[in-house]
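Asks:
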Amino acid sequence: MKKKFSNDKSNHVPACHKINSSKGSATPKNFLRRSKDGKGLDYNIIKFCDYLEIYYQTKIKYKLSFKNNDPILFLKCDLNILNTIKK
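In this note's numbering, the protein residues as written are 5 to 91.
1. Where I64 and R37 are concerned, what is the direct C-alpha to C-alpha distance, given to the nearest angstrom?
2. Please state the DSSP three-state secondary structure of D54.
3. Under 8 Å by Cβ, that's how I've got P32 and L56 pegged, so tell me the actual separation to the nearest angstrom.
4. So N15 packs on I58, CB below 8 Å; how close in whole Å?
5. What are the boundary residues of the alpha helix (DSSP H) that N34 is part of?
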């Protein structure tokens with residue numbers, strides 16, 4: 005499953021190497037924070053809601069948890085994860 009997930013082209017978002025390294029496995033909230041925190045590489049995330057939509061669809065497709073994600077951030081992009089978070 006992990007290999008299928010990592011090779012899924014619908015989950016790939018174009019980014020330069022430095023930004024991709026900065027993002028790592030961060031949640032969208034931490035990725036957004038890192039983009040402008042003044043520590044190391046600062047960058048502008050263009051079309052953040054488009055990125056979040058891909059992230060959301062991938063989580064749904066592979067039945068992955070939204071537990072560590074910020075529901076308010078998703079709501080700002082008209083995505084509701086409240087009913088997907090298991091307590």
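Don't be surprised by glycine CBs; every beta carbon is placed ideally from N, CA and C.
Replies: On the basis of the coordinates in this document:
1. One-based indexing of the sequence shown puts residue 64 at position 60. One-based indexing of the sequence shown puts residue 37 at position 33. Near 24 Å, if we compare the C-alpha coordinates of R37 and I64.
2. Here residue 54 refers to the residue found at position 50 of the sequence shown. For D54, the secondary structure class from DSSP, reduced to helix, strand or coil, is helix.
3. Looking up residue 32 in the sequence shown gives position 28. Looking up residue 56 in the sequence shown gives position 52. Indeed they touch by this definition, with Cβ atoms about 6 Å apart.
4. The residue labelled residue 15 in the question sits at position 11 within the sequence shown. The residue labelled residue 58 in the question sits at position 54 within the sequence shown. Between I58 and N15 the Cβ distance is about 7 Å, and since that is below 8 Å, they are a contact.
5. Here the question's residue 34 lines up with position 30 in the sequence shown. That run of the alpha helix (DSSP H) goes P32 to S39.
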